[in-house]
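To get the working numbering, take the position in the sequence shown, counting from 1, and add 21. The structure appears right after this line, and notes come after that.
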Amino acid sequence: MALFQCKLFSKELFRSVNVNVTLPTPDSGNCFFESAVKFPEPGQKYQVLWLLHGISADESDWQRFSSIERYAQEKNIAVVMPDGYNSHYVDNPWGGNYYSYLIKELPEMLRSLLPLSAKRENNFIAGLSMGGGGAFKAALLNPEKYAAAASLSGGLEAEVEAPGGAMPYIQAWNRSCYGMNNEYFDPAKHDVSVILRNQAAAGIKLPRLYQCCGTEDFLHESNLRFRDLARSLSVDLTYEEGPGVHNFDFWDPYIRRVLDWLPLAGGLVD
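So, in C-alpha cells, the structure goes:
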C-alpha cells in the first residue's frame, strides 16, 4: 500500500490543507501469496472511498486507530482521508467552505495528480460520527457523484446530547458552523433527514446507503430514527448494529463490513 501525505492549497478554504491518500500497490504479498494487486497501466484508474473523520479528529485518525490500509489493500481500492476540522463538512461564512472543498475542489485536485476514477460507479463516501453525517449529506445532495455512502455511528441530527463534558465543546463547534443563533443553519442543506425527505419526494435516484451504530452508543436512538425514516421512504438502506460505544473498537470491524458491502470491481477500472 502506498501512502501519500499531501499538503495542498485550497481556494475554498484559502489555506493549506492536509489530506492522506492510500493506494493499493504491489507488496511482499505479490511474492509470497501471488497477490493480484498491480500498478495501474495508462488509462486505468482506482475506485475511491472518500473517508471522513469525526469531530475533534483529523485526516490521520482512520489510519492511526483502524486497519483501513490493510482492508483497502485487500479490496484494491484507494482511500482518501481529508482533514475536515470541526466543520460538519458544510460551507459557512466563518470557518470556510468545507462542503465545496470536499465534493468539488479536492476531487478535482487529486484526480489531476493521481489515477483516481471520476465515474459515479467508482466513487463512494463514508465517515464516522460527524463524518457519517457529512458523508450522507454529500451523497444525498450529489447523487450523481457517488454510487454508495456509509455512516458509522453518524451524527445525523442537528441536536445531540453527548455524554460527559463534551456538550460545551459541541455547542461551540455548532455555533462556529451555523452561527450564534443558528442563523446559517439551512435544513435543506444541513439536516440529513430533511435532505432525504426532499430528495425522495423529488423522485431522485439516490446512492445506496449503509448505516451502522453501536447499541450502547449515545447516538443509537438518533440512528434508529433515521433508519426508520429511510425505511418509510423505501430508500435502499442497509442497517446493522451490534454491541459497542462511540469508538474505534466498534468502527474498525464495521469499516471492513462497509468495504464488503460496497459494489467493488475487485481491481483497477477504466
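Even for Gly, the Cβ is constructed at its ideal location relative to N, Cα and C. Computed from a prediction, not measured in an experiment: that's the story for all the values here.
task: Look at Leu240 and Cys234 and say whether their C-beta atoms are less than 8 Å apart.
output: Closer than 8 Å, so yes.
query: Residues in its own chain within less than 7 Å of Arg85 by CB, not counting five upstream and five downstream?
result: none
Between the CA atoms of Asn219 and Asp257 - distance to the nearest angstrom: Taking the straight line joining both Cα atoms gives about 15 Å.
- request: Could you tell me whether the Cβ atoms of Phe145 and Tyr167 are closer together than 8 Å?
  value: Contact check for Phe145 against Tyr167 passes: the beta carbons are separated by less than 8 Å.
message: Suppose the cutoff is 7 Å on Cβ atoms and the five residues either side in sequence are ignored; what does the same chain contact list for Ser87 look like?
response: So the qualifying residues of the chain are Phe269, Trp272, Asp273, Ile276.
- prompt: Hey, how far is the Cα of Asn203 from the Cα of Ser121?
  reply: Annotation: Asn203 to Ser121 spans about 20 Å, alpha carbon to alpha carbon.
- prompt: Could you give the C-beta distance for Ala139 and Ala170, rounded to a whole number, given that I count them as a contact under 8 Å?
  reply: Not confirmed; about 17 Å, so no contact.
message: Would you call the segment 63-78 in contact with the segment 94-114, where contact means no fewer than 3 C-beta pairs closer than 8 Å?
response: At 8 Å Cβ cutoff, the stretches touch.
- prompt: Which residue comes first and which comes last in the alpha helix (DSSP H) that contains Met102?
  reply: Taken as a continuous stretch (DSSP letters only), Met102 belongs to no alpha helix (DSSP H), being part of the beta strand (DSSP E) at 99-103.
query: In three-state DSSP terms, what is Ile216?
result: The DSSP-derived three-state label of Ile216 is helix.
query: How is Trp115 classed by DSSP in three states: helix, strand or coil?
result: Looking at Trp115 - three-state DSSP - the assignment turns out to be coil, as it is neither helix nor strand.
- request: Quick one: using the 10 Å Cβ neighbour count with 16 as the cut-off for buried, is Ser255 buried or exposed?
  value: exposed
- request: Decide if Ile124 is buried, meaning its Cβ has at least 16 other Cβ atoms within 10 Å, or exposed.
  value: Of the other Cβ atoms in all chains shown, 16 or more fall within 10 Å of the Cβ of Ile124; this residue is therefore buried.
field: Classification of Ala156 by the beta-carbon crowding that lies within 10 angstroms, buried from 16 upward
entry: buried
Supposed close pair Val58, Ala99 - CB separation, criterion 8 Å: Between Ala99 and Val58 the Cβ distance is about 12 Å, and since that is not below 8 Å, they are no contact.
task: Measure the beta-carbon distance from Ala262 to Thr236 and round it to whole angstroms, keeping in mind my assumption that it falls under 8 Å.
output: Sequence inspection shows Glu at residue 262; the Ala mentioned does not correspond to that position. Glu262 to Thr236, Cβ: 6 Å. Contact.
message: Could you compute how far the alpha carbon of Glu62 sits from the alpha carbon of Asp291?
response: 10 Å
Inter-residue spacing [alpha-carbon to alpha-carbon] between Val215 and Ile191: 21 Å
- prompt: Is Gly153 closer than 8 Å to Leu34 when the C-beta atoms are compared?
  reply: no
message: Buried or exposed, going by whether 16 or more other CB atoms sit within 10 Å of the CB of Ala193?
response: With fewer than 16 Cβ atoms within 10 Å of its Cβ, Ala193 is classed as exposed.
- request: Grab me the residues of Cys198's own chain with a C-beta within less than 7 Å of its C-beta, minus the 5 sequence neighbours each way, in chain order.
  value: Ser108, His109, Val111, Asn113, Gly116
- request: Answer with buried or exposed for Ile225, where buried requires no fewer than 16 other C-beta atoms within 10 angstroms of its C-beta.
  value: Label assigned to Ile225: exposed.
- request: Return the chain-ordered list of same chain residues with a C-beta closer than 8 Å to the C-beta of Pro284, the five sequence neighbours on each side being excluded.
  value: Glu142, Ala168, Ala169, Arg229
field: 3 or more residues per run - each beta strand (DSSP E) lying fully within the segment 150-215
entry: 169-173
- request: Can you tell me which of Leu162, Ala223, Glu95, Leu173 puts its alpha carbon nearest to the alpha carbon of Arg248?
  value: Leu173
message: For Ser49, count the other beta carbons within 10 Å of its own beta carbon; 16 or more makes it buried, fewer makes it exposed. Which is it?
response: exposed
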